[in-house]
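Here is the structure we will look at.
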């Protein structure tokens, strides 16, 4: 009753929502000549996302809600966000804007999934300082754990997932919202 009184009662369209989660980019191993390198492998581009929305709309599926994971620079294994910068290989800011326009025209919702509580330390100068930005365990150590490759069940020595303290999470969220 409270929501009705406040004018915030949810309007049901008579259709159940279809929730879709898509993945942006992930690190993949490649070779340049004989040297192993890490490249960003596209999983779902913004154009692919728009095509999916159009397909479901054409099939009569309404109330589609799409969650985009791993779309910021760095993909699924990104470091701390320094603003809202969609991954260029997925279509960049222009492709993201076109996706939002398509979704709006089809009555679909699109949500960027950005995690501000944990992230991967991928660069030496990515703005993350463990002593300043990290959480602490009971004994004072920086909170985090190594990345485990689920396919091979092997620990990746060069990649760690760090927990971010609440004040720093707020700072990262504000940096994304400004852009």
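In this note's numbering, the protein residues as written are 27 to 205. Beta carbons are placed, not taken as given, at the ideal position from N, Cα and C, and that holds for glycine.
If one requires a minimum length of 3 residues, the beta strand (DSSP E) runs lying completely within the segment 33-111 are 44-49, 51-58, 61-68 and 90-95, in chain order.
In the three-state reduction of the DSSP assignment, residue 188 falls in the strand class. With a cut-off of 8 Å on Cβ pairs, the segment 75-82 is in contact with the segment 130-149, counting three or more such pairs. In the three-state reduction of the DSSP assignment, residue 128 falls in the helix class, which pools H, G and I.
Per the coordinates, the alpha-carbon of residue 102 lies some 15 Å from the alpha-carbon of residue 55. Annotated as proximal: residue 69 and residue 49, with beta-carbon spacing under 8 Å. Residue 156 sits in a helix when the DSSP states are folded into three classes. Look at residue 181 here: in three-state DSSP terms it is strand. Looking from the CA of residue 153, the closest CA among 170, 194, 185 and 161 belongs to 194.
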